[in-house]
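Trainee: Heads up: the sequence shown runs through residues 19 to 431, numbered per the working numbering.
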Amino acid sequence: MTIKYSFKTALNGLKTHKSRSVLTVLGIVIGITAIILVMSLGQGAQNLILGQIRGQVGSAVIEIAPGRQPKGPTDFMSIFSDSLKQKDVEALMKKSNVPHLKQIMPMVFGSESAVYGSETYQATLYGLTNAASEMYNVRPSEGRFLTEDDVKSYADVVVIGSTVKEELFGNDEALGQKIKLRGRTFKIIGVLENKGEGSLIGFDKTAIVPYTTAQRYILGIKYFNHIIIEADSDANVPGTVEDIKITIRNSHNITDPEKDDFNVNSQADAMKTVSTITDVLTLFLAAVAAISLIVGGIGIMNIMLVSVTERTREIGLRKALGATEKDILSQFLLEAVTLTAVGGAIGIFLGATFSFLTSLVLTKVLAIDWAFTFPYDAAALGLGVAALVGLVFGIYPARQASKKSPIEALRYE
Numbered sequence: 019m020t021i022k023y024s025f026k027t028a029l030n031g032l033k034t035h036k037s038r039s040v041l042t043v044l045g046i047v048i049g050i051t052a053i054i055l056v057m058s059l060g061q062g063a064q065n066l067i068l069g070q071i072r073g074q075v076g077s078a079v080i081e082i083a084p085g086r087q088p089k090g091p092t093d094f095m096s097i098f099s100d101s102l103k104q105k106d107v108e109a110l111m112k113k114s115n116v117p118h119l120k121q122i123m124p125m126v127f128g129s130e131s132a133v134y135g136s137e138t139y140q141a142t143l144y145g146l147t148n149a150a151s152e153m154y155n156v157r158p159s160e161g162r163f164l165t166e167d168d169v170k171s172y173a174d175v176v177v178i179g180s181t182v183k184e185e186l187f188g189n190d191e192a193l194g195q196k197i198k199l200r201g202r203t204f205k206i207i208g209v210l211e212n213k214g215e216g217s218l219i220g221f222d223k224t225a226i227v228p229y230t231t232a233q234r235y236i237l238g239i240k241y242f243n244h245i246i247i248e249a250d251s252d253a254n255v256p257g258t259v260e261d262i263k264i265t266i267r268n269s270h271n272i273t274d275p276e277k278d279d280f281n282v283n284s285q286a287d288a289m290k291t292v293s294t295i296t297d298v299l300t301l302f303l304a305a306v307a308a309i310s311l312i313v314g315g316i317g318i319m320n321i322m323l324v325s326v327t328e329r330t331r332e333i334g335l336r337k338a339l340g341a342t343e344k345d346i347l348s349q350f351l352l353e354a355v356t357l358t359a360v361g362g363a364i365g366i367f368l369g370a371t372f373s374f375l376t377s378l379v380l381t382k383v384l385a386i387d388w389a390f391t392f393p394y395d396a397a398a399l400g401l402g403v404a405a406l407v408g409l410v411f412g413i414y415p416a417r418q419a420s421k422k423s424p425i426e427a428l429r430y431e
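(1) According to the neighbour-count rule (16 or more other Cβ atoms, all chains shown, within 10 Å of its Cβ), is I316 buried or exposed?
(2) Where does the unbroken beta strand (DSSP E) through N281 begin, and where does it stop?
(3) Curious, which full-length alpha helix (DSSP H) runs of at least 4 residues does the segment 126-209 contain?
(4) Could you give the DSSP three-state label for I413: helix, strand or coil?
(5) Give me the Cα-Cα distance between F163 and A83, rounded to the nearest whole angstrom.
(6) Starting from V227, trace the beta strand (DSSP E) in both directions and tell me its first and last residue.
(7) In angstroms, rounded to a whole number, what distance separates the CA positions of S217 and V355?
(8) What is the DSSP secondary structure of A389, reduced to helix, strand or coil?
(9) Suppose you measure from the CA of A359 to the CA of T371; what does that come to, to the nearest Å?
(10) Which same chain residues, not among the five before or five after D93, have their C-beta less than 7 angstroms away from its C-beta?
(11) Considering Cα atoms alone, identify which of L186, D395 and E353 is closest to S58.
(12) With three or more beta-carbon pairs closer than 8 angstroms as the criterion, would you say the segment 241-257 touches the segment 178-191?
(13) Roughly how many whole angstroms lie between the Cα atoms of M125 and E166?
(14) If I follow the unbroken beta strand (DSSP E) through I116, where does it start and stop?
(15) May I ask you to verify whether the segment 127-140 touches the segment 257-266, counting CB pairs closer than 8 angstroms and requiring at least 3?
(16) Should T203 go down as buried or exposed, given a rule of 16 or more other Cβ atoms within 10 Å for buried?
(17) For E276 and S99, I'd like the C-alpha separation in whole angstroms.
(18) Exposed or buried, A52, counting other C-beta atoms within 10 Å across all chains shown (16 or more means buried)?
(19) What's the C-alpha gap between Q140 and K198?
(20) Among V133, G135, G161 and K170, which has the Cα closest to the Cα of T147?
(21) Express the C-alpha separation of G208 and E191 in angstroms, rounding to a whole number.
(22) Note down the Cα distance separating V227 from L401, rounded to an integer number of angstroms.
(23) In chain order, what residues of the same chain lie with their CB nearer than 8 angstroms to the CB of I239, ignoring the 5 residues before and after it?
(24) Please confirm whether G361 and V47 have their CB atoms less than 8 angstroms apart.
(25) Kindly give me the distance between the Cβ atoms of V43 and L357, rounded to whole angstroms, as I take these residues to be in contact under 8 angstroms.
(26) With DSSP as the reference, please indicate the residues paired to M123 in a beta bridge.
(27) Are L143 and S180 touching if we call contact CB-CB under 8 angstroms?
(28) What does the alpha-carbon distance come out to for the pair V79 and K290?
(29) If I measure Cβ to Cβ from Q121 and keep anything under 7 angstroms in the same chain, skipping five residues before and after, which residues do I get?
(30) Give the DSSP-derived three-state secondary structure of E260 in the structure shown.
(31) Mind reading off the beta-carbon distance from D261 to H270? Whole number of angstroms is fine, and I expect it under 8 angstroms.
(32) Nearest CA to the CA of I206: which residue from V379, G369, Y134 and V40?
(33) Given a cut-off of 8 angstroms on the beta-carbon distance, is the pair M55 and S377 in contact?
(34) For A83, name the three-state secondary structure that DSSP assigns.
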């Protein structure tokens with residue numbers, strides 16, 4: 019018997035029991051749909067986060083944080099170290115130490131209540147320099163950003179985010195008004211453009227002051243929470259990272275890299291970390307969704323066993339007319355594989371449709387740039403796995419059918 023005829027016979031068998039075929043394939047459809055949906059949304063989330071990093075933080079930006087790189091729960095407290103000081107900034111600014119440094123910015127931050135009249139808003143406080151505008155791609159929609167003179171003179175000026183402006187002033191003019199931070203009066207010199215809920219750093223909810231002012235008058239500290247450096251080109255980032263490490267080790271009299279009291283991360287490292295995390299989470303969720311494929315496979319095996327029992331006389335008649343065990347085996351295997359393949363195709367279509375609709379909803383409701391991504395690899399894998407499930411779980415029923423004696427099968431009632 020040719021494959022073409024076996025396939026035709028299998029299709030006729032499935033058409034004879036349409037309701038059973040539909041119910042059998044449902045588990046496969048649900049499993050493949052879930053996998054496509056999870057993989058598509060996972061890729062969309064990864065693209066959104068990486069896009070935010072690229073759009074808000076320059077690719078040549080390098081972050082120096084206090085404390086050693088956390089390697090476990092016991093290292094968590096090390097991130098609160100006060101190891102980064104002014105002497106480190108001065109050492110890093112020397113051309114001989116970091117030849118490819120383009121600009122450097124000390125950073126301090128905290129949470130402070132911004133007060134205007136009777137209105138109060140808990141804002142994220144950042145102590146920065148004028149370099150932040152270029153490094154983090156933030157621009158005022160009104161007024162101006164910090165200047166070098168503001169930093170040097172410990173000026174009592176502040177640039178506020180759009181949410182801070184809305185909460186404190188509503189529709190009234192904020193530029194030129196004065197607010198209080200930690201009981202000290204600051205003049206608003208700029209209002210940042212609205213970044214929306216998709217903003218990675220959340221500048222909409224910030225109050226930005228010169229870092230010198232923040233250190234002396236608001237936070238009362240003499241160290242930095244971070245030091246941000248921008249290399250002169252993407253190609254020089256790896257070399258600059260090594261120069262930074264050597265410079266700070268010399269500044270801190272550290273000879274053993276295992277005893278570093280700081281850690282250095284580039285945006286490439288951050289994007290690699292984000293990609294790894296989202297990939298792992300997506301694969302984990304897809305694996306959970308794939309469990310339904312196993313359930314669907316067991317359902318197919320059960321239904322095929324019932325089908326074999328119900329079609330015993332048909333099997334006996336076909337054998338009496340010359341069909342071999344191989345022919346019967348092929349027919350029932352093809353029925354199982356066809357069911358799962360059809361289920362896989364329907365699941366891919368539904369998964370892609372739901373993913374597309376979800377991306378539209380997220381874009382409209384959350385006002386974020388969530389791009390629809392169709393996971394071709396997941397679709398190919400889903401079809402392959404569906405066919406494999408049909409093959410694996412169809413073998414036993416098919417073998418049971420092929421071994422039936424034609425005489426006993428014809429006598430079956």
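The beta carbon of each residue, even a glycine, is placed where N, CA and C say it ideally should be. Note that the structure is a prediction, hence the values are computed from the model and not measured.
Mentor: Considering the structure as presented:
(1) Label assigned to I316: exposed.
(2) Note, N281: beta strand (DSSP E), F280 to S284.
(3) Entirely contained in the segment 126-209, the alpha helix (DSSP H) runs reaching 4 residues are, in chain order, 150-153, 166-170 and 180-187.
(4) Note: I413 maps to helix in three-state DSSP.
(5) If I take the Cα positions, the gap works out to 25 angstroms.
(6) Per DSSP, the unbroken beta strand (DSSP E) holding V227 starts and ends at T224 to P228.
(7) At S217 the pLDDT is 49, less than 50, meaning the model places this residue with poor confidence; the figure from the coordinates comes in the next sentence. A direct Cα-to-Cα measurement between S217 and V355 gives close to 47 angstroms.
(8) In the structure shown, A389 sits in coil (DSSP, three-state: anything other than H, G, I, E or B).
(9) Cα to Cα, the separation comes out at about 18 angstroms.
(10) Reliability of the predicted coordinates at D93 is poor, the pLDDT of 49 falling under 50, and no value is obtained from them.
(11) Nearest Cα to S58 within the set L186, D395 and E353: D395.
(12) Because the criterion of three Cβ pairs below 8 angstroms is not met, the segment 241-257 and the segment 178-191 do not touch.
(13) Roughly 14 angstroms separates the two Cα atoms.
(14) According to the sequence shown, residue 116 is Val rather than Ile. Where V116 is concerned, there is no enclosing beta strand (DSSP E), given that its DSSP letter is neither H nor E.
(15) Because the criterion of three Cβ pairs below 8 angstroms is not met, the segment 127-140 and the segment 257-266 do not touch.
(16) T203 should be labelled exposed.
(17) In this structure, the alpha-carbon of E276 lies about 16 angstroms from that of S99.
(18) A52 counts as buried, since no fewer than 16 other beta carbons sit within 10 angstroms of its beta carbon.
(19) Between the alpha carbons of Q140 and K198 lies a gap of roughly 12 angstroms.
(20) For T147, the nearest C-alpha among the options comes from K170.
(21) Taking the straight line from one Cα to the other gives about 11 angstroms.
(22) Near 56 angstroms, if we compare the C-alpha coordinates of L401 and V227.
(23) Non-local beta-carbon contacts of I239 in its own chain, meaning distances under 8 angstroms to residues more than five positions away in sequence, involve D100, V126 and Q233 in chain order.
(24) Yes, these two residues count as a Cβ contact at 8 angstroms.
(25) Rounded, the Cβ-Cβ distance is 5 angstroms, consistent with contact.
(26) Paired residues: I246.
(27) No. Outside cutoff.
(28) Each residue's Cα considered, the two are about 15 angstroms apart.
(29) Correct list, in chain order: A149 and E248.
(30) DSSP places E260 in helix when its eight states are reduced to three.
(31) No, D261 and H270 are not in contact; Cβ-Cβ is about 15 angstroms, not under 8 angstroms.
(32) Of the listed residues, the one whose Cα sits closest to I206 is Y134.
(33) It should be noted that the sequence gives Leu, not Met, for residue 55. No, the pair does not count as a contact, with Cβ atoms beyond the cut-off.
(34) Under the three-state reduction of DSSP, A83 is assigned to strand.
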